[in-house]
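Visitor: Count along the sequence shown starting at 1, add 4, and that's the number in this note's numbering.
Could you have a look at this structure, given as structure tokens, before my questions?
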Amino acid sequence: MDQYWREQEGRGLFEDDANSYVSDDDTMSSLTRMIYDKNSSRDALHSDYDSSSFNVDSSSVAYPAWNQAGEEAPVTMEGVQEILLDLTNKLGFQKDNMRNIFDYVMVLLDSRASRMSPSSALLTIHADVIGGEHANFSKWYFASHFNDGHAIGFHDMSSPIVETMTLKEAEQAWRDQMAAFSPHRMMVQVCLYFLCWGEANNVRFVPECLCFIFECAYDYYISSEAKDVDAALPKEFYLDSVITPIYRFIHAQLFEILDGKYVRRERDHSQIIGYDDINQLFWSYKGLQEIMCADKTPLLDLPPFMRYRHLSDVEWKSCFYKSYYEYRSWFHNVTNFSRIWVMHISAYWYYSAYNSPNLYTKNYHIRLNNKPPASCRWTACGLAGAIASFITLAAVVFEYIHVPRRYHSARRLWPSMLLLISTLLLNIAPVVFIFASSTKEQHYASRLVVGIVHFFFSLVCVVYYSITPLRNLVGFTTKRSGKNLANRFFTANFTPTSKTGAFVSWCLWITVLVAKFLESYFFLTLNLADSIRFLGAMRPYDCRDYILGAGLCKAQPKILLSLLYLTDLSLFFLDTYLWYILISTIYSLAYAFCLGISVWTPWRELFYRVPRRIYTKLLYTDDMEIVFKPKVLISQVWNAIIISMYREHLISRTQIQELLYHQVPSEKAGYHTLRAPNFFYSQQVKHYKQDLFPANSEAARRISFFAQSLAESIPKTSSIDAMPTFTVLVPHYSEKILLSLREIIREEDQLSRVTLLEYLKQLYPVEWRNFVDDTKLLADENDSVIGSIDNEKNGVNKAYDLPFYCVGFKSATPEYTLRTRIWASLRTQTLYRTINGFSNYSRAIKLLYRTETPELVEWTNGDPVRLDEELDLMANRKFRFCVSMQRYAKFTKEEAENAEFLLRAYPDLQIAYMDEDPQSRHNDERHLYSVLIDGHCPIMENGKRRPKYRIRLSGNPILGDGKSDNQNMSIPYIRGEYVQMIDANQDNYLEECLKIRSILAEFEQLTPPLHSPYSVNAKAADNHPVAILGAREYIFSENTGMLGDVAAGKEQTFGTLFARILSLIGGKLHYGHPDFINVLFMITRGGVSKAQKGLHVNEDIYAGMIALQRGGRIKHCDYYQCGKGRDLGFGSILNFTTKIGTGMAEQMLSREYFNLGTQLPFDRFLSFFYAHAGFHVNNMVIMFSLQLLMLVIINLGAMYTVVPVCRYRQFDSLTASLYPEGCYQLKPVLEWLKRCILSIFIVFGIAFVPLAVCELGERGAIRMVIRLAKQIFSLSPIFEIFTCQIYAQSLIANLTFGGARYIGTSRGFATVRVPFSLLYSRFSGPSLYFGSRLMYMLLFGSITAWLPHYIYFWITLTALCISPFLYNPHQFAWTDFFVDYREFMRWLFRENSRNQANSWIGNCQLCRTRVTGYKRKIYGKKADKIAMDSPRARITTMFYGEILGPLGTLFFTCIPFLFINSQPGNDDETQSTNAFIRLIIMSVAPLVLSAIIAFFFFCLGIMLRPILGDRSKTYGVYLAGVAHFLFVCVDVVVFEVLGYLEGWSFSKTLLGFVAIISIHRFAHKFFIICFLSREFRHDGANLAWWSGRWNGQGFGYMVLTQPWREFVCKTTELNMFAGDFLLSHLLLFLQAPVILIPYIDKLHSIILFWLVPSRQIRPPIYTIRQNKLRRQIVLRYATLYFSLFIAFFVLLILPFVFGKSAAGTSMDKFNLIQPATKIVYSSTKNSSV
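In structure tokens:
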């Protein structure tokens, strides 16, 4: 079809000598302009754009399925042209939009007509787009009550809705009306809708708005006014007057002009009226009535035919409003997931209340173990009903906050609130009655009945509130009701799961919940009973603080008990996810066996049946006119697969001969037969396969998967001619297109030890050898060298071969260097690899078409050129490839050359990009265009290709995070019924592309409909359409080392194992690549992704939620897979992890999660939660549990240190006496702690189960063991722990501060050593600080109350602290370590002389801006670029994470410190010490000293300015360095003084140190949040503080206030610097034993890269001067390093070994010095009552 557009380019549509694209306005004749002449005739109206604009041959070659029908076609191609011309001229569309939509519609019609009659094709397309049961337009039409509005007039409609007929009657009337439409009218509506859609730019993201615009346009088009020449609309009226005003409103919500420069508004989502808010205005008739013209006239009060013209008069700013507030708050999760919290917290209350009777027993005595009355126990447990009611009530209250009452579709909440308040009071009343109003005697009468009734009533409440969706608490809307249709159609139109799917879903979740509640009771809650019993009755005696008295220390057991409850509750949440993973893995494996997906199929049987399965499952032979034997057809397909692998250098020339079908002489004379390869029939085929393919080779993997996939159930194929048309869409921004020779053969940078080519040769040695052999053969042919292969074998010409094996060529001519570039590009994550791989679809279509249509040779008379043309036509008719290159117009020279190479290599490749009209740059507004080119477009004189289409846009379409906007810009250029979403770092294979017909058959649209879509019979048999088809991916980076394998394993399990079962039970969504999408379903519902900045950073998943909410089905196929590259470096992987974590936080704020969480049925809600948000919540709870356990450990350790502990035997009688007398029974807490540690260990270990099961099912037990062993040997569990923390931290940080954005990840190989400073600055906030704080707590716990189970905690916390350095290539190389240490010391002290972003102070300021934000005012800038602002977080948002959380940690760390110093058992009150004052002094002293030091050097800088200001510009550096180093010494002195005051007790000093850290952490956050204003974008204040140069820094009038602000900054910075200096050196000192191990760098490389020593990466080569300099650096900085190491040891360790307590001396006048600890046993006092 594209040839016709190529022909038109030579027929006058473009100027011959134009240097750039010339718009059609410049080539219009004077006749065209007659449209504006009031005296012109009606014919002139059509002369603006006439049929010559299309220049399409009317023969049957173009769109053959449609055109060959002749008169059977309901509307001819010429008729479609006339319709589009008429619509364009009357409604004001662009010419190129018209041309594009013409091709779009005709390809769509041709695709449908190829498998059904043209009439059915048009009818089904019209039903899918406009009028069908599942068409979005028809749903909008009824939801907005447009049917009632047309019947009685919108101005007459009032609340309640006036319905002229019931919904059922209205739907029947609608179907009758649609069925009565003529084909011409249907075609008009389809064309008009696509014209509106094709030119809508960002308005495509608001589908119901587009429906309204279409309705207005159609009403105008069919009116008599449209025929009036005097009423003709201006050209491009639609873009300028309809779309652009809405676009400008959207743009104004995001950007403003500040100081002549566009800057992003500092608004969070709750303040931005986004796409969804705009869209939801059009959901209801009340919303439509609010659309006002400039004169305040409601648009709907105008006659229908006038509305379109008056859309330009609408004041959109006054119409749109927020329909859902995405407040950055945790309260969204209360509403969205209320059923999760009700189910877990209520069940936990039942368990805990039942096992804690001593807490509500009057006068409980531990030795009597007296029980409460039965009524108390029943009603105490029944209080769970009140908890369930309260949680659900809170969820409804937060819904009231998040959903404004102004929104017309907001549900009434008062019935739900009334119900919840009633059940809350009914659950509380029995508790009050029994506990507060009953005597002991009354408990045994009617109170017992009340308690029992209360318990079962609470059970009903808990079950009801756990199962019932929040929106269905009161009343249910019937499907036939016409009320609230918008919510039913657009947010809760869930496709019912199949009977099998529903049965499996309920079985799965019943199994999970039963196993969870049984295990939780016996493993977690029941084991807490003894601890509750002893701690609840424990009363510490003779403990006190000089100031606080005995109150706090006597409450210590209760504080510890509260921590136990809280920790147990967090673990109670964890094991649900554990059981979900286990059970779903088992179910998925069982389902895989049902589908035939398993390597356990007998190997010989598997490959023996491959030829037969190729014939029956991949080939369509029903309509073959010439019948061949199956072997003839099979051989063509199989040989093509093998030859494709040979061309990719996966197999050698020898191997290809063994694998091909060969033609051999037959037993009959003069005949030949085909001999199948022995590969299929060998009795020991498995061993034969291993001989053919190297172990773990790519060819073996592909062949194996191909054979296994054919064993599955695959949909029946159709002929190639009847196959639907589809498109592959690839968004591209700055990803590498094709590697240059320089990138391949030169080292990446000075930190790299290997060139890319050398590394690739080590990763793919077999493929490199095959490539070299192929290159040598080509060179021999070109050079006419005979016998070179024999010379190679004889070793005669090794010197000749050396260049080939080194760089892949001997002659540096372009054709040879290009081969090496391509070979390397096909093994890295490049766009060329993606295009090359997915172009196999075209090759597969040609192969299948030629194989299944042998008569082609006769049709073309044996002419190979004509045959190739015929094959090309068919391939181009059925498959399109579009790359959306957003930056194409601004490519660098190298990028432009690479893109041009792609177009020359793949002429049918289409590139969509955004271009700018150079002439508009001088205007106030730039004119931007969406442009499409392909390899057939002629090259103009300026070197650019002449576009096929150039459609003007309403403005810059990139308003969001980029990818979704990029996809949206190119979506009008896709063709066909389906589109496959692909990333720019993927791959595909010919054998997989051969399955494309079966894949498209999964959409269940291949067979013609039996009934008209508008008949009653069709509706009765109607099924929800398949919206998305998911597919597997093979992560081809899995063999590049441990990190690549871990990333690949996660993708493998989630994309295969869990996707398989989720699709069955209705919980799968869309995750981007490589899913296939039903184009008509998705583009009429907002597109393939969403695009609001930040909120939709994980853009792809929203398409899945749209499909789920709006009635689409999401399926998954396991028999097809394509390749995918993943991040290979530690930092890059964690950048991706951060993006996913922050994206999930944004999803939790979104209305999609609100709609799904409050409306999904129970089983599907659980699947949705635990497959998506539950994973991230689980990670967060794991880390929260870890922190709680550390707090338990230090509180328990504090008690263990100073109180006598009882002997404990688990099976003793509950009333047994405690021994010795006066002891504290703490052993049960330790036993419970062991169980908790085991629980968390299992939760972490369970992460390997899915991968193990997946490997076991698909590759066998041996491969499973090998892969897991390699991962464990490579310390991947440590990486998993660190990743868990990054997930949790990114989620928490985003919910607190926001700032989610698209993070571009690296796609290269991680062979470069990353500097320590970069790793420390990147991961200190997310993990290092957290891990170090917990490690100090664990150290204290290990000293005071050691358990062997703590080893797991030591591994976990060590992982949180050292992972960034453990996975850094060559981190432990001796020389590199100390060279890097030098750079790190420079990084610490690099500041103050000039603005240094790469410095400690720069990183400190950057982290601070998350809280403070930047100054908004920008000086001296023009509005030519967009500046991205970091919004300042709200104080209310930061309160929970930044104030309340640290405050809680402060409390639970200071309490044990006060208790350990309270001297329990010492009955002499005169000997009590001032532990509280001691803690205050030691905490405040560093803050005060930092303020004094900062102020002193501030004054010193001002005084030195007149003296040294002109002579030296670096004196500020020295002042800053001295100040920072001085405060490091202050911190060390503070620690020493604390040790002295604690009597040189290391455990007490360490606990005091932990408490001080908690106090400082809280103080720093409090000061920064409450006292700091916004940051300047420059470092002027920091420079001025040390140098005294306050003038000339651009402060303006703020120079008066900035020193005070900087004073607060410097006070906190000095404290933070000292902490960073000490922590970083502690981490460096931990690496000292490792760097001293011989050959550690080689061992480390084996762990990271899985390269044996013989293939290790060589060390870098330096010059003599460089080596000398490096030796000097090592000598100096190794001396500094070990000197500091010794100083740390001497100052921080030795005093505690040799120091003695000074308590009771004259030095201790204020009782600040703690005496030596003595555990006192008192036989006269009892610690328990």
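Just so you know, even glycine gets a beta-carbon here, dropped at the ideal spot from N, CA and C.
Thinking C-alpha only, which one of 554, 193 and 1419 is nearest residue 1602?
Guide: Of 554, 193 and 1419, the residue nearest in Cα terms is 1419.
Visitor: Taking the alpha carbon of residue 1205 as the reference point, which residue from 1462, 456, 1028 and 941 has its own alpha carbon closest?
Guide: Looking at the Cα atoms, 1462 is the closest of the given residues.
Visitor: My guess is that residue 975 and residue 1092 are in contact by the Cβ rule of under 8 Å, so how many angstroms apart are they, rounded?
Guide: Right, the Cβ-Cβ distance comes to about 7 Å (below 8 Å), so this counts as a contact.
Visitor: Does residue 1141 pass the burial test, meaning 16 or more other C-beta atoms within 10 Å, or should it be called exposed?
Guide: That one is buried.
Visitor: Taking the alpha-carbon of residue 747 as reference, which of 1199, 1266 and 760 has the nearest alpha-carbon?
Guide: The option with the nearest alpha carbon to residue 747 is 760.
Visitor: DSSP on residue 700, reduced to helix/strand/coil?
Guide: The answer is coil: DSSP assigns residue 700 none of H, G, I, E or B.
Visitor: From this set, 1379, 1272 and 193, which residue's C-alpha is nearest residue 1254's C-alpha?
Guide: Answer by Cα proximity: 1272.
Visitor: Would you list the residues sitting across from residue 412 in a DSSP beta bridge?
Guide: None; residue 412 has no bridge partner.
Visitor: Measure how close the beta-carbons of residue 509 and residue 1167 come, nearest whole angstrom, since I'm counting them as under 8 Å.
Guide: That pair is a contact at about 4 Å.
Visitor: Excluding the five sequence neighbours on either side, which residues of its own chain have a C-beta within less than 8 Å of the C-beta of residue 993, listed in chain order?
Guide: These residues qualify, in order along the chain: 648, 706, 841, 844, 1126 and 1127.
Visitor: Would you give the residue range spanned by the beta strand (DSSP E) that residue 1497 belongs to?
Guide: Segment 1479 to 1512 is the alpha helix (DSSP H) holding residue 1497; no beta strand (DSSP E) there.
Visitor: Using a threshold of 8 Å, state whether the C-beta atoms of residue 1644 and residue 1376 are closer than that.
Guide: Going by C-beta atoms, residue 1644 is nearer than 8 Å to residue 1376.
Visitor: Looking at the strands, I want to know which residues DSSP matches up with residue 265.
Guide: Answer by DSSP bridge pairing, in chain order: 262.
Visitor: Using DSSP with H/G/I as helix, E/B as strand and the rest coil, what is residue 27?
Guide: Because the pLDDT at residue 27 is just 35, under 50, the model does not fix this residue reliably, and the value given afterwards should be weighed accordingly. DSSP places residue 27 in coil when its eight states are reduced to three.
Visitor: Checking 8 Å against the spacing of the C-beta atoms, do residue 913 and residue 935 come in under that value?
Guide: Not closer than 8 Å, so no.
Visitor: List the DSSP bridge partners of residue 553.
Guide: Beta-bridge pairing links residue 553 to 549.
Visitor: What is the residue span of the alpha helix (DSSP H) that residue 512 lies within?
Guide: Here the alpha helix (DSSP H) through residue 512 covers 503 to 523.
Visitor: Under the assumption that residue 273 contacts residue 1295 (Cβ atoms under 8 Å), give the Cβ distance between them as a whole number of angstroms.
Guide: Wrong, their Cβ atoms sit about 16 Å apart, outside the cutoff.
Visitor: Taking the straight line between their C-alpha atoms, what separation do you get for residue 611 and residue 749?
Guide: The straight-line gap from Cα to Cα measures roughly 41 Å.
Visitor: Would you please state the rounded distance, in angstroms, between the beta carbons of residue 395 and residue 345? I believe it to be under 8 Å.
Guide: Correct: roughly 5 Å between the Cβ atoms.
Visitor: Can you find the residues in the same chain that come closer than 7 Å, C-beta to C-beta, to residue 1386, ignoring five residues on each side of it along the sequence?
Guide: Cβ neighbours of residue 1386 beyond the five flanking positions: 1677 and 1681.
Visitor: Taking C-beta to C-beta, are residue 890 and residue 960 nearer than 8 Å?
Guide: In this structure, residue 960 does not lie closer than 8 Å to residue 890 by Cβ.
Visitor: Identify every run of the alpha helix (DSSP H) within the segment 1040 to 1110, keeping only runs that are complete inside it and at least 4 residues long; order them along the chain.
Guide: Listed in chain order, they are 1046 to 1056, 1063 to 1069 and 1083 to 1087.
Visitor: Taking the runs of the alpha helix (DSSP H) that are 4 residues or longer, which of them lie wholly in the segment 949 to 990?
Guide: DSSP runs (the alpha helix (DSSP H)) wholly in the segment 949 to 990: 967 to 974.
Visitor: What residue range does the beta strand (DSSP E) around residue 1126 cover?
Guide: Residues 1117 to 1128.
Visitor: Do we get a CB-CB distance below 8 Å when we pair residue 301 with the residues of chain C?
Guide: Absent from the structure is chain C; it holds one protein chain and no more.
Visitor: Reducing DSSP to helix, strand and coil, say where residue 308 ends up.
Guide: Residue state, collapsed to three classes: helix.
Visitor: Go to residue 676, then tell me how far its beta strand (DSSP E) extends in each direction, as first and last residue.
Guide: Residues 676 to 679.
Visitor: By Cβ distance, which residues of its chain are closer than 6 Å to residue 69, with the 5 residues on each side in sequence left out?
Guide: Answer for residue 69: 114, 117 and 118, listed in chain order.
Visitor: Here's the rule I'm using: 16 or more other beta-carbon atoms within 10 Å means buried, otherwise exposed. How should residue 907 be labelled?
Guide: By the neighbour-count rule (16 or more Cβ atoms within 10 Å), residue 907 is buried.
Visitor: Evaluate residue 429 with the Cβ neighbour count: other Cβ atoms within 10 Å of its Cβ, from every protein chain shown; 16 or more gives buried, anything less gives exposed.
Guide: With fewer than 16 other Cβ atoms within 10 Å, it is exposed.
Visitor: How many whole angstroms separate the CB atoms of residue 1635 and residue 1369, which I take to be in contact at a CB cut-off of 8 Å?
Guide: Their Cβ separation, rounded to whole angstroms, is 7 Å, which keeps residue 1635 and residue 1369 in contact under 8 Å.
Visitor: For residue 1416 versus residue 1576, is the C-beta distance shorter than 8 Å?
Guide: The answer is yes: Cβ separation under 8 Å.
Visitor: Can you find the residues in the same chain that come closer than 7 Å, C-beta to C-beta, to residue 497, ignoring five residues on each side of it along the sequence?
Guide: Taken in chain order, the residues that qualify are 1113, 1114 and 1115.
Visitor: Quick one: Cα of residue 1378 to Cα of residue 1264, how far?
Guide: Roughly 41 Å between the two C-alpha positions.
Visitor: Where does residue 1242 land, buried or exposed, given buried means 16+ other C-beta within 10 angstroms?
Guide: Label assigned to residue 1242: exposed.
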